[in-house]
Every structure is written in C-alpha cells, then in structure tokens.
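The sequence shown begins at 88 in the working numbering and counts up one residue at a time.
Backbone N, C-alpha and C define an ideal beta-carbon position, used for all residues, glycine too.
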Amino acid sequence: MYTMTKEEIKAYLRRIGISEVQPPTKEYLFSLHQAHVRTLTWQTVDIFARKPASIGFEQSVQLVLHGRSGYCFHLNGAFSALLHSLGYHVNLHRAGVQPLGAEPRVNSFHLGLSVNFRDDLYAEERWIVDVGLGDMPYEPIPLRHGLYDQGPLSYKVTASSVVTNGWRLEHDPNASFVGVDIDAEVLEGLEEFIPKHDFYSRSPESLWFHIFLIRQRDADESNELRGCVWSKHDKNGLTKIEVESKSQWFDILGDVFGEHLVNYSRLERDDLWKRVEAAHLEWKAAKLATGK
C-alpha cells in the first residue's frame, strides 16, 4: 500500500479539517472517519463529465489534496492510504453493493475496508470503516452482529449470505441502497478493482456514466443531488427539492456539498449544467408520459 509523506499527511488532514497528527488510537480513527465523511462527497461528477480519474492509491490521494473527490474506489483508496501512513492496521476487501430491487453480491464493484485493533487484554477488535458509500456510515462500525444508529440512519451488521465468512452491512430502509456484502479475505492491492473502475467510468452501459450524482452526510443528515433533484434526509424525514435554475444548482453544489468544480473551466461548468438540465427535462417528460 502507498505510504504518504509527512507533508502529504499534513495536507490531507488540513483538507478534512483535522489540525494535528495523533497516534493511531480508536478515538482518532473516529475523528478521521467523521471528518472525511463531512468534508469529501461521494460523486460521479468526473465520470459524468467524461473526465474519470485513476484509482491508484497515490492518484486518489492527490485527488483529495487538490480539492477534488470521487466515488468508492477513490475515497476508500485514499482513506486507506492515510490510515496506513498514520500507523493503522487497515485491510482491503472485495465487496459489492446491493441496489434497490437487486440481489446481494460480492462483485468487486466496491472496495471494502476494515481496521484491526488490540484492546488492553490483547483481544483483537475489527471495525468496519467506509467513507466511500453514497450516504456513508458517519463513523466506524464494530464488526459485530447488531444494529447501530448514527443520526437519522441505522445500519445492521450480520453474516453475508453470498460469501463464506464474509459480513454484510445492511443500510437504513429509507436509504439509497439495500446493503453491502464484504469478503473477509484481505487483498494486497487494487488490481482486483481496476477493470471494475474502467467499466464504471468509461462504459456507456455503466449507470454512473449517465447520472450526475453527488452525496454527502454528517452527524445529523444526509444530502443527495441527483441531476436537478436535491434530497435531504434528517430527523424530520425525507425532503426533495427540484432545482430549476443554473445559479441555484451551482449554489447548492458549493454551499451544501462543498463542490466548487476546481478542475473545470467556466465553459466546462456551463456545459455540465446544460447536460444535467437536458437529462432532467428528459426524465420529467418520461415521467409525464408514463403517468408516474
């Protein structure tokens, strides 16, 4: 795994709002996980714009350091490099997300992470860490069967039904997907995920190739901007707002998601909006035609 320089570590921590390097404790892991999820969105922006970024450890770290973000391979890849560089025992796993209406799977279209600790009695603990799911867990979850509430969302840890000795993280019933299954086998690198990323980011058959999608969550709420529909999930339930103008769309991107499209020229930003607006109008027309 890639080991970051001291300068990169400090820059990464500044990017997510952490002021100092600390020893690799459980408490510090929680702070890092929470800050990462608050600050860095899960998004398909570069894929939708036909400017996909590599998922190599070093490339994903540089993505973060230059004010950008990505989806699971970038976010969990960069975070695993940070944790490794800070002295954590972090593991990479094959995983698969179960969308609504689909069956559970472990197909390597998601990069799973876990962190091992030894307690004061030298018993081993393992924690699920994941900053690369759309409405991610806000903080690490113990790899123990049970139900875990985090703000407006709940997560359930159970045994996987699709892979031997694996585990399953079931998502909140009102969330964007059903759950994710993780293989217990520990991988040494990212080779398993490269062809999956190539499909996700370059194939016209990929769902993410056609959808502008950005998601963020903090302790009390989660947000999603899918095309021109902004969805907010908090203690009061789910609220959806249709975004009707370019200025409002860019304001939401910046103010809610902290996404300022630093890698895009003004012309590219305008083109991005035009494509998003056109796709939204097409979607509305299709809904009207089917009466849904």
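query	result
For glycine 164, collect the residues of the same chain with a Cβ closer than 7 Å to its Cβ; drop the 5 residues on either side in sequence, then sort them by chain order.	Ile142, Phe144, Ser147, Leu198, Leu277
Rounded to the nearest angstrom, what separates valine 184 and histidine 161 at their Cα positions?	16 Å
Express the C-alpha separation of alanine 306 and tryptophan 370 in angstroms, rounding to a whole number.	32 Å
Would you tell me roughly how many angstroms separate the C-alpha atoms of lysine 374 and glutamine 130, rounded to the nearest one?	25 Å
Which of helix, strand or coil does DSSP assign to lysine 322?	coil
Rounded to the nearest angstrom, how far is the Cβ of leucine 119 from that of isoleucine 96, given a contact under 8 Å?	Not confirmed; about 11 Å, so no contact.
What three-state label does DSSP hand tyrosine 242 in the structure shown?	strand
Are leucine 230 and arginine 205 touching if we call contact CB-CB under 8 Å?	no
Compute the Euclidean distance between the alpha carbons of arginine 304 and glutamine 237, then round it to the nearest angstrom.	11 Å
Straight-line CA distance for valine 273 to valine 267?	17 Å
Let me confirm a value: valine 151 is counted as buried when at least 16 other C-beta atoms fall within 10 Å, else exposed. Which label applies?	buried
Note down the Cα distance separating valine 349 from threonine 251, rounded to an integer number of angstroms.	43 Å
Tell me the rounded alpha-carbon separation between valine 108 and leucine 173.	8 Å
Residues in the same chain with beta-carbon distance under 7 Å from lysine 319, minus the five sequence neighbours each way, listed in chain order, please.	Glu308, Asn310, Thr326
Residue range of the beta strand (DSSP E) that histidine 180 falls in?	176 to 185
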